[in-house]
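Student: Right, I'll just put the structure down here and ask away after.
Numbering (the numbering used here), first residue to last: 194 to 418.
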(Lines of atoms letter the chains of each structure in order from A and count residues from 1; the text may use other names and numbers.)
(Lines give C-alpha, C1' and ligand atoms only; values in the text may rest on other atoms or scores of the structure.)
Protein backbone atom coordinates (compact mmCIF):
# COMPACT_ATOMS: atom_id res chain seq x y z
CA UNK A 1 0.00 0.00 0.00
CA UNK A 2 1.47 3.39 -0.96
CA UNK A 3 2.00 6.26 1.41
CA UNK A 4 0.98 9.84 0.63
CA UNK A 5 2.93 11.88 1.34
CA UNK A 6 6.28 10.17 1.60
CA UNK A 7 8.50 11.26 4.50
CA UNK A 8 10.50 14.31 3.46
CA UNK A 9 13.82 12.61 4.21
CA UNK A 10 12.84 9.77 1.84
CA UNK A 11 11.56 12.18 -0.80
CA UNK A 12 14.93 13.94 -0.72
CA UNK A 13 16.68 10.68 -1.50
CA UNK A 14 14.38 10.15 -4.51
CA UNK A 15 15.62 13.30 -6.25
CA UNK A 16 18.32 13.11 -8.94
CA UNK A 17 21.17 13.26 -9.57
CA UNK A 18 22.43 9.87 -8.49
CA UNK A 19 25.87 8.32 -8.58
CA UNK A 20 26.41 5.94 -11.48
CA UNK A 21 26.46 2.94 -9.13
CA UNK A 22 23.59 4.10 -6.88
CA UNK A 23 21.24 1.25 -6.05
CA UNK A 24 17.83 1.32 -4.35
CA UNK A 25 15.54 -1.65 -3.66
CA UNK A 26 11.98 -1.97 -2.42
CA UNK A 27 11.65 -5.12 -0.32
CA UNK A 28 8.43 -7.07 -0.85
CA UNK A 29 7.22 -4.81 -3.66
CA UNK A 30 4.01 -6.79 -4.28
CA UNK A 31 1.71 -5.14 -6.81
CA UNK A 32 4.14 -2.28 -7.30
CA UNK A 33 2.05 0.66 -6.12
CA UNK A 34 4.73 1.98 -3.75
CA UNK A 35 7.44 1.05 -6.24
CA UNK A 36 5.68 3.10 -8.90
CA UNK A 37 5.34 6.06 -6.54
CA UNK A 38 9.06 5.96 -5.74
CA UNK A 39 9.93 5.84 -9.42
CA UNK A 40 7.63 8.74 -10.23
CA UNK A 41 9.48 10.72 -7.59
CA UNK A 42 12.65 10.08 -9.60
CA UNK A 43 14.18 7.14 -7.71
CA UNK A 44 15.77 4.40 -9.85
CA UNK A 45 14.41 1.59 -7.68
CA UNK A 46 14.45 -2.20 -8.12
CA UNK A 47 11.48 -4.23 -6.90
CA UNK A 48 12.12 -7.47 -5.00
CA UNK A 49 9.36 -9.97 -4.25
CA UNK A 50 9.05 -13.72 -3.73
CA UNK A 51 6.34 -13.88 -6.41
CA UNK A 52 7.14 -13.47 -10.11
CA UNK A 53 5.31 -11.08 -12.41
CA UNK A 54 3.27 -13.98 -13.75
CA UNK A 55 1.73 -14.27 -10.26
CA UNK A 56 0.78 -10.59 -10.14
CA UNK A 57 3.83 -8.94 -8.58
CA UNK A 58 5.90 -6.17 -10.14
CA UNK A 59 9.19 -7.74 -9.10
CA UNK A 60 12.31 -7.01 -11.10
CA UNK A 61 14.13 -9.58 -8.95
CA UNK A 62 12.42 -12.69 -7.57
CA UNK A 63 13.69 -13.79 -4.17
CA UNK A 64 13.14 -13.99 -0.43
CA UNK A 65 13.03 -10.47 0.97
CA UNK A 66 14.10 -11.79 4.38
CA UNK A 67 17.32 -12.97 2.75
CA UNK A 68 17.63 -10.75 -0.30
CA UNK A 69 19.81 -12.04 -3.13
CA UNK A 70 22.22 -9.11 -3.02
CA UNK A 71 25.81 -8.85 -1.88
CA UNK A 72 26.57 -7.32 1.51
CA UNK A 73 27.44 -3.64 1.26
CA UNK A 74 25.97 -3.25 -2.24
CA UNK A 75 22.80 -1.18 -1.66
CA UNK A 76 22.44 2.54 -0.96
CA UNK A 77 18.74 2.64 -0.06
CA UNK A 78 16.27 -0.04 1.08
CA UNK A 79 12.54 0.63 1.44
CA UNK A 80 10.12 -1.70 3.25
CA UNK A 81 6.53 -0.46 3.01
CA UNK A 82 3.79 -2.31 4.96
CA UNK A 83 6.07 -5.33 4.97
CA UNK A 84 7.70 -5.45 8.39
CA UNK A 85 4.35 -6.05 10.13
CA UNK A 86 3.94 -9.27 8.16
CA UNK A 87 7.30 -10.52 9.41
CA UNK A 88 7.19 -9.54 13.08
CA UNK A 89 4.64 -12.16 14.23
CA UNK A 90 7.00 -14.94 13.11
CA UNK A 91 10.28 -13.09 13.70
CA UNK A 92 9.66 -10.88 16.75
CA UNK A 93 13.40 -10.46 17.33
CA UNK A 94 13.65 -8.47 14.08
CA UNK A 95 16.65 -10.50 12.89
CA UNK A 96 15.67 -9.71 9.30
CA UNK A 97 16.54 -6.05 9.99
CA UNK A 98 20.16 -7.04 10.64
CA UNK A 99 20.16 -8.89 7.34
CA UNK A 100 18.91 -5.78 5.56
CA UNK A 101 21.31 -3.40 7.30
CA UNK A 102 24.16 -5.68 6.26
CA UNK A 103 23.25 -5.09 2.61
CA UNK A 104 23.78 -1.33 2.92
CA UNK A 105 26.87 0.50 1.86
CA UNK A 106 28.52 2.72 4.49
CA UNK A 107 26.03 5.49 5.20
CA UNK A 108 23.18 3.69 3.45
CA UNK A 109 19.62 3.92 4.78
CA UNK A 110 16.73 1.53 5.42
CA UNK A 111 13.26 3.11 5.53
CA UNK A 112 10.47 1.19 7.26
CA UNK A 113 6.99 2.57 6.52
CA UNK A 114 3.81 1.23 8.10
CA UNK A 115 0.21 2.24 8.76
CA UNK A 116 -0.39 3.35 12.36
CA UNK A 117 -3.35 1.56 14.00
CA UNK A 118 -6.18 3.58 15.50
CA UNK A 119 -7.61 6.97 14.66
CA UNK A 120 -11.20 7.74 13.68
CA UNK A 121 -13.93 5.31 12.67
CA UNK A 122 -12.69 4.83 9.08
CA UNK A 123 -9.11 4.20 10.25
CA UNK A 124 -10.36 1.83 12.96
CA UNK A 125 -12.19 -0.11 10.24
CA UNK A 126 -8.92 -0.38 8.31
CA UNK A 127 -7.13 -1.61 11.45
CA UNK A 128 -9.83 -4.23 12.05
CA UNK A 129 -9.75 -5.25 8.38
CA UNK A 130 -6.01 -5.86 8.51
CA UNK A 131 -6.36 -7.86 11.75
CA UNK A 132 -9.07 -9.98 10.10
CA UNK A 133 -6.92 -10.65 7.02
CA UNK A 134 -4.00 -11.58 9.26
CA UNK A 135 -6.14 -14.17 11.04
CA UNK A 136 -7.12 -15.65 7.68
CA UNK A 137 -3.48 -15.92 6.60
CA UNK A 138 -1.32 -16.07 9.74
CA UNK A 139 1.74 -17.32 7.87
CA UNK A 140 1.66 -14.56 5.29
CA UNK A 141 0.20 -11.49 6.96
CA UNK A 142 0.34 -9.57 10.20
CA UNK A 143 -1.89 -6.97 11.88
CA UNK A 144 -0.99 -3.29 11.98
CA UNK A 145 1.88 -2.47 14.33
CA UNK A 146 2.34 0.92 15.94
CA UNK A 147 5.50 3.00 15.77
CA UNK A 148 5.93 2.66 19.53
CA UNK A 149 5.57 -1.13 19.43
CA UNK A 150 8.13 -1.36 16.64
CA UNK A 151 10.66 0.78 18.51
CA UNK A 152 10.13 -1.16 21.73
CA UNK A 153 10.70 -4.47 19.94
CA UNK A 154 14.12 -3.42 18.64
CA UNK A 155 17.12 -5.03 20.28
CA UNK A 156 19.69 -2.51 21.58
CA UNK A 157 22.04 -2.97 18.62
CA UNK A 158 19.18 -2.30 16.19
CA UNK A 159 17.84 0.63 18.22
CA UNK A 160 21.27 2.20 17.92
CA UNK A 161 20.90 2.31 14.12
CA UNK A 162 17.71 4.44 14.19
CA UNK A 163 18.37 7.89 12.77
CA UNK A 164 14.92 9.47 12.66
CA UNK A 165 11.23 8.77 12.21
CA UNK A 166 7.77 10.20 12.61
CA UNK A 167 4.00 9.81 12.35
CA UNK A 168 1.78 11.70 9.93
CA UNK A 169 -1.50 11.48 8.01
CA UNK A 170 -1.67 9.04 5.11
CA UNK A 171 -3.83 10.60 2.40
CA UNK A 172 -3.66 7.63 0.03
CA UNK A 173 -7.30 6.90 -0.96
CA UNK A 174 -8.63 3.40 -0.40
CA UNK A 175 -11.29 1.95 -2.70
CA UNK A 176 -14.12 1.41 -0.22
CA UNK A 177 -16.33 -0.29 -2.80
CA UNK A 178 -13.58 -2.77 -3.67
CA UNK A 179 -12.96 -3.57 0.00
CA UNK A 180 -16.65 -4.18 0.58
CA UNK A 181 -16.88 -6.35 -2.54
CA UNK A 182 -13.95 -8.44 -1.30
CA UNK A 183 -15.61 -8.98 2.08
CA UNK A 184 -18.99 -9.73 0.50
CA UNK A 185 -17.53 -12.25 -1.94
CA UNK A 186 -17.24 -14.81 0.85
CA UNK A 187 -20.96 -14.46 1.64
CA UNK A 188 -20.30 -13.92 5.35
CA UNK A 189 -22.90 -15.23 7.77
CA UNK A 190 -24.61 -12.65 9.98
CA UNK A 191 -22.71 -11.98 13.16
CA UNK A 192 -19.39 -13.24 11.82
CA UNK A 193 -16.33 -10.94 11.70
CA UNK A 194 -16.54 -10.35 7.95
CA UNK A 195 -20.21 -9.40 8.19
CA UNK A 196 -19.56 -7.01 11.08
CA UNK A 197 -16.69 -5.42 9.13
CA UNK A 198 -18.86 -5.10 6.04
CA UNK A 199 -21.54 -3.30 8.04
CA UNK A 200 -19.03 -1.04 9.79
CA UNK A 201 -17.32 -0.05 6.55
CA UNK A 202 -20.69 0.54 4.88
CA UNK A 203 -21.63 2.88 7.70
CA UNK A 204 -18.30 4.61 8.27
CA UNK A 205 -16.06 3.97 5.22
CA UNK A 206 -12.43 2.81 5.46
CA UNK A 207 -9.22 4.86 5.41
CA UNK A 208 -5.53 4.38 6.08
CA UNK A 209 -5.57 7.13 8.72
CA UNK A 210 -2.07 7.70 10.05
CA UNK A 211 1.28 6.34 8.86
CA UNK A 212 4.64 6.06 10.56
CA UNK A 213 8.16 5.74 9.30
CA UNK A 214 11.54 4.92 10.77
CA UNK A 215 14.94 5.36 9.13
CA UNK A 216 17.72 3.01 10.16
CA UNK A 217 21.24 3.47 8.86
CA UNK A 218 24.29 1.34 8.30
CA UNK A 219 26.26 2.01 11.49
CA UNK A 220 29.49 2.27 9.50
CA UNK A 221 30.17 5.52 7.65
CA UNK A 222 28.29 8.76 7.18
CA UNK A 223 24.73 9.46 6.16
CA UNK A 224 23.66 8.58 2.63
CA UNK A 225 23.37 12.26 1.74
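Every residue, glycine too, gets a C-beta built ideally from N, C-alpha and C.
#1: In angstroms, rounded to a whole number, what distance separates the CA positions of residue 313 and residue 402?
#2: May I have the straight-line CA-CA distance separating residue 247 from residue 223, to the nearest angstrom?
#3: Looking at C-beta atoms only, is the number of pairs between the segment 299-309 and the segment 262-281 that lie closer than 8 Å three or more?
#4: Would you tell me roughly how many angstroms separate the C-alpha atoms of residue 267 and residue 285, rounded to the nearest one?
#5: Do the segment 314-333 and the segment 342-353 touch if we need at least three Cβ pairs shorter than 8 Å?
#6: Can you tell me whether residue 354 is helix, strand or coil according to DSSP?
#7: Spatial neighbours of residue 381 within its chain, please: C-beta separation below 6 Å, excluding the five flanking residues on both sides.
#8: In chain order, what residues of the same chain lie with their CB nearer than 8 Å to the CB of residue 232, ignoring the 5 residues before and after it?
#9: Which same chain residues, not among the five before or five after residue 236, have their C-beta less than 6 Å away from its C-beta?
#10: Below 7 Å between beta carbons: does that hold for residue 347 and residue 334?
#11: Taking the straight line between their C-alpha atoms, what separation do you get for residue 365 and residue 226?
#12: How should residue 378 be labelled, buried or exposed, when 16 other C-beta atoms within 10 angstroms of its C-beta is the threshold for buried?
#13: Closer than 6 Å by C-beta to residue 418: which residues in its own chain qualify, once you throw out the five before and the five after it? Chain order, please.
#14: Quick one: residues in its chain with C-beta nearer than 7 Å to the C-beta of residue 211, no 5 flanking neighbours on either side, listed in chain order?
#15: List the DSSP bridge partners of residue 308.
#16: Do you know how far the Cα of residue 242 is from the Cα of residue 250?
#17: Taking the Cβ atom as the reference point for each residue, do residue 264 and residue 302 lie within a distance shorter than 7 Å?
#18: Rounding to the nearest angstrom, what Cα-Cα distance links residue 383 and residue 391 in this structure?
#19: Just the Cα atoms here: how many angstroms apart are residue 355 and residue 398?
#20: Can residue 316 and residue 396 be called in contact, C-beta distance under 7 Å?
#21: With 16 other CB atoms within 10 Å as the buried threshold, where does residue 322 fall?
#22: I need the DSSP call for residue 425, collapsed to helix, strand or coil.
Tutor: Well, looking at it:
#1: The residue labelled residue 313 in the question sits at position 120 within the chain shown. The residue labelled residue 402 in the question sits at position 209 within the chain shown. Cα to Cα, the separation comes out at about 8 Å.
#2: On the chain shown, residue 247 is found 54 positions in, with the first residue counted as 1. On the chain shown, residue 223 is found 30 positions in, with the first residue counted as 1. Approximately 12 Å between the Cα atoms of the pair.
#3: yes
#4: As a working note, residue 267 is residue 74 in the chain shown. As a working note, residue 285 is residue 92 in the chain shown. Straight-line Cα distance between these residues: approximately 26 Å.
#5: no
#6: Taking the chain shown and counting its residues from 1, the one referred to as residue 354 is at position 161. Three-state result, residue 354: coil.
#7: Looking up residue 381 in the chain shown gives position 188. So the qualifying residues of the chain are 387 and 388.
#8: Sequence index remark: in the chain shown, residue 232 carries index 39 (1-based). Counting only Cβ-Cβ distances below 8 Å, and skipping sequence neighbours, we find 238.
#9: Here residue 236 refers to the residue found at position 43 of the chain shown. Cβ neighbours of residue 236 beyond the five flanking positions: 207 and 217.
#10: Along the chain shown, read from residue 1 onward, the residue named residue 347 stands at position 154. Along the chain shown, read from residue 1 onward, the residue named residue 334 stands at position 141. In this structure, residue 334 does not lie closer than 7 Å to residue 347 by Cβ.
#11: Start at 1 with the first residue of the chain shown, and residue 365 comes out as number 172. Start at 1 with the first residue of the chain shown, and residue 226 comes out as number 33. Distance between the alpha carbons of residue 365 and residue 226 is about 11 Å.
#12: As a working mapping, residue 378 is identified with position 185 in the chain shown. The residue in question, residue 378, is exposed, as its Cβ has fewer than 16 Cβ neighbours within 10 Å.
#13: Within the chain shown, the letter at position 225 stands for residue 418. The predicted position of residue 418 is uncertain, since its pLDDT is 40 and thus under 50; no value can be drawn from it.
#14: Counting from one through the chain shown, the residue named residue 211 turns up at place 18. So the qualifying residues of the chain are 237.
#15: As a first step, residue 308 is located in the chain shown; it is residue number 115 there, counting from the start. Partner(s): 404.
#16: The residue labelled residue 250 in the question sits at position 57 within the chain shown. The residue labelled residue 242 in the question sits at position 49 within the chain shown. So the alpha carbons of these two residues sit roughly 7 Å apart.
#17: Stepping through the chain shown from its first residue, residue 264 is reached at position 71. Stepping through the chain shown from its first residue, residue 302 is reached at position 109. It is not a contact, given that the beta carbons lie outside the stated cut-off.
#18: Position 190 of the chain shown, counted from the first residue, corresponds to residue 383. Position 198 of the chain shown, counted from the first residue, corresponds to residue 391. Approximately 10 Å between the Cα atoms of the pair.
#19: For the purposes of this step, residue 355 is taken as residue 162 along the chain shown, with counting starting at 1. For the purposes of this step, residue 398 is taken as residue 205 along the chain shown, with counting starting at 1. Looking at the two C-alpha atoms, the distance is approximately 35 Å.
#20: As a working mapping, residue 316 is identified with position 123 in the chain shown. As a working mapping, residue 396 is identified with position 203 in the chain shown. No, they are not a contact pair.
#21: Here residue 322 refers to the residue found at position 129 of the chain shown. Classification of residue 322: buried, given that the 10 Å Cβ count is 16 or more.
#22: This structure cannot settle anything about residue 425, because the visible part of the chain is limited to 194 through 418.
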